[in-house]
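Novice: Residue numbers (the working numbering): 15 to 382.
Structure below.
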């Protein structure tokens, strides 16, 4: 049997054309999105202001605590209750103070009796001295007898003065005891509302331990922290725009700038007075804007910005008409537009109203 070998070149010639060669791949054309409105990033003059976050607080607020150590026997205040100045809010056990007042009152009565006795002794000694003075001038009594009468008169006068001083001391002690008894009744220092109650009957009250918080709800302030770089722009008495997140915008006025900075945050506390409004409550959050002039900035319409979690982005359309998602850093709002701090250049085009559409990599056809 004779085997015949076929040359390799002949085998290649017998293969189908194109076998073993890679076919060129053709990129898919990007999807087209038509009738899309574009806007341009523009440089504009915008208001420049200091913006500081803060919290609404009552203009007058007080934490009430006891001045003595005693057990609470009655709590006459509840949270949200309107109270008048002088109303008794907390009653403390007064047995010890009542006994002290009784002792002090008894001391005052004893001092008064001592004064009455000393006055009688003084009057008798003084009248005796007057008689002996006449007799001594007539030489009817010896000098020794006269000296004895005169010494008794001086002793009676000293006793009277001592009794009067004792009455003053007893009266002061009674006043102190009466004041201590008054400490067993904790009263409202001004008209207001009970904002917080921290104790109940049976609790041992002690000095410095808050029992109640009362607020004057007729006036409120927004307390904000301003960093050290912006505090020079804040002026006492200057107008300010206050935005309470839950209620809206209010006109305000700067009424206090705490001169010392917080060493931890390097910020200053600024208080802005708010107009009277029944909707205001302590604890509401918001921010204060204080105008400090104008400046130049790149701005875009707010509706062109997408919120992606904690980040913001826009669709930028290049010369190839393709949309690219670009993350940007925003600054302060300026009407219907918003400042762009980083991520965009002046003159770049972007999708005006992207909405919820996914446009990244799509070809954008603008409206005619």
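Beta carbons: idealized from backbone N, C-alpha and C, even for Gly.
Owing to the predicted nature of the structure, the values given are computational and were not obtained by experimental measurement.
Which term fits residue 341, buried or exposed, when burial requires 16 or more other beta carbons within 10 angstroms of its beta carbon?
Specialist: The residue in question, residue 341, is exposed, as its Cβ has fewer than 16 Cβ neighbours within 10 Å.
Novice: Measure the alpha-carbon distance for residue 205 versus residue 58 and round it to whole angstroms.
Specialist: Looking at the two C-alpha atoms, the distance is approximately 51 Å.
Novice: Could you tell me the boundaries of the alpha helix (DSSP H) in which residue 157 lies?
Specialist: Residue 157 -> alpha helix (DSSP H) spans 157–196.
Novice: If we require 3 or more residues per run, which beta strand (DSSP E) segments fall completely within the stretch 193–281?
Specialist: The qualifying runs are 199–201, 206–211, 224–241, 253–258, 262–271.
Novice: Just to confirm my understanding: we take residue 231, look at its own chain, exclude 5 residues before and 5 after, and list those with CB closer than 7 Å. What are they?
Specialist: Counting only Cβ-Cβ distances below 7 Å, and skipping sequence neighbours, we find 72, 206, 207.
Novice: Does the pairing of the stretch 294–308 with the stretch 50–69 give three or more beta-carbon distances under 8 Å?
Specialist: Short answer: they touch.
Novice: What residue from 194, 170, 54, 308 has the CA that sits closest to residue 139's CA?
Specialist: Nearest option by C-alpha distance: 170.
Novice: Any chance you could list the alpha helix (DSSP H) runs of at least 4 consecutive residues sitting entirely within the stretch 70–155, in chain order?
Specialist: For the stretch 70–155, whole alpha helix (DSSP H) runs of length 4 or above, ordered along the chain, are 109–151.
Novice: Using 8 Å as the threshold, is the C-beta distance between residue 314 and residue 352 below it?
Specialist: Cβ atoms of residue 314 and residue 352: closer than 8 Å.
Novice: From residue 286 to residue 47, what distance separates their C-alpha atoms?
Specialist: If you take the alpha carbons of residue 286 and residue 47, they lie about 50 Å apart.
Novice: With burial defined as no fewer than 16 other Cβ atoms inside 10 Å of the residue's Cβ, what is the status of residue 83: buried or exposed?
Specialist: The residue in question, residue 83, is exposed, as its Cβ has fewer than 16 Cβ neighbours within 10 Å.
Novice: Can you say whether residue 111 is buried or exposed, counting buried as having 16 or more other CB atoms within 10 angstroms of its CB?
Specialist: The residue in question, residue 111, is buried, as its Cβ has 16 or more Cβ neighbours within 10 Å.
Novice: Pull up the DSSP beta-bridge partners for residue 326, would you.
Specialist: Residue 326 pairs with 321, 342.
Novice: Do you know how far the Cα of residue 60 is from the Cα of residue 310?
Specialist: Residue 310 and residue 60: Cα-Cα distance of roughly 6 Å.
Novice: Should residue 364 be labelled buried (16 or more other beta-carbon atoms within 10 Å of its own) or exposed?
Specialist: Looking at its Cβ environment, which holds 16 or more other Cβ atoms inside 10 Å, residue 364 is buried.
Novice: For residue 316, which three-state DSSP category applies?
Specialist: Helix at residue 316.
Novice: With distances taken between CB atoms, is the gap from residue 195 to residue 211 smaller than 8 Å?
Specialist: Taking 8 Å as the Cβ cut-off, residue 195 and residue 211 do not qualify as a contacting pair.
Novice: Could you tell me the distance, in whole angstroms, from the CA atom of residue 116 to the CA atom of residue 130?
Specialist: Answer to the nearest angstrom: the Cα atoms are 21 Å apart.
Novice: Compute the distance between the beta-carbons of residue 203 and residue 88, then report whether it is under 8 Å.
Specialist: For residue 203 and residue 88, no; Cβs fall outside 8 Å.
Novice: For residue 108, which residues in the same chain have their Cβ closer than 7 Å to its Cβ, ignoring the five residues on either side in sequence?
Specialist: Result list for residue 108: 195, 198, in chain order.
Novice: Do you know whose CA, among 305, 380, 319, 99, lies nearest residue 76's CA?
Specialist: Minimum Cα distance to residue 76 is reached at 99.
Novice: By the 10 Å Cβ neighbour count, where 16 or more other Cβ atoms means buried, how is residue 137 classified, buried or exposed?
Specialist: The residue in question, residue 137, is exposed, as its Cβ has fewer than 16 Cβ neighbours within 10 Å.
Novice: Rounded C-beta distance between residue 184 and residue 125? I'm assuming under 8 Å.
Specialist: Contact holds; Cβ gap of about 4 Å.
Novice: So, residue 103 versus residue 85, is the Cβ gap smaller than 8 Å?
Specialist: Going by C-beta atoms, residue 103 is not nearer than 8 Å to residue 85.
Novice: Name, in chain order, the residues that DSSP records as bridge partners for residue 371.
Specialist: Residue 371 pairs with nothing; no bridge assigned.
Novice: Going by the beta-carbon positions, is the gap between residue 264 and residue 289 smaller than 8 Å?
Specialist: Yes. Within cutoff.
Novice: So does the stretch 365–380 actually touch the stretch 323–338, counting three or more Cβ pairs closer than 8 Å?
Specialist: Touching, yes.
Novice: Measure the beta-carbon distance from residue 284 to residue 240 and round it to whole angstroms, keeping in mind my assumption that it falls under 8 Å.
Specialist: Going by Cβ atoms, the distance from residue 284 to residue 240 rounds to 5 Å, so yes, they are a contact pair.
Novice: Please go through the same chain and pick out, in chain order, the residues whose beta-carbon is closer than 7 Å to the beta-carbon of residue 294, but skip the five residues on each side of it.
Specialist: For residue 294, where only same-chain residues beyond five positions count, the Cβ hits under 7 Å are 70, 234, 288.
Novice: Write down the C-beta distance between residue 141 and residue 173 rounded to the nearest angstrom, noting that I regard them as a contact closer than 8 Å.
Specialist: No, residue 141 and residue 173 are not in contact; Cβ-Cβ is about 16 Å, not under 8 Å.
Novice: I'd like to confirm the pairing. Which residues does DSSP put opposite residue 2 in its beta bridges?
Specialist: With the chain covering only 15 through 382, there is no way to say anything about residue 2.
Novice: From which residue to which residue does the beta strand (DSSP E) around residue 353 run?
Specialist: Taken as a continuous stretch (DSSP letters only), the beta strand (DSSP E) holding residue 353 covers 351–356.
Novice: Measuring alpha carbon to alpha carbon, tell me which of 257, 259, 273 ends up nearest residue 248.
Specialist: Comparing Cα positions, the closest option is 273.
Novice: Can you tell me whether residue 379 is helix, strand or coil according to DSSP?
Specialist: Of the three classes helix, strand and coil, the one that applies to residue 379 here is strand, per DSSP.
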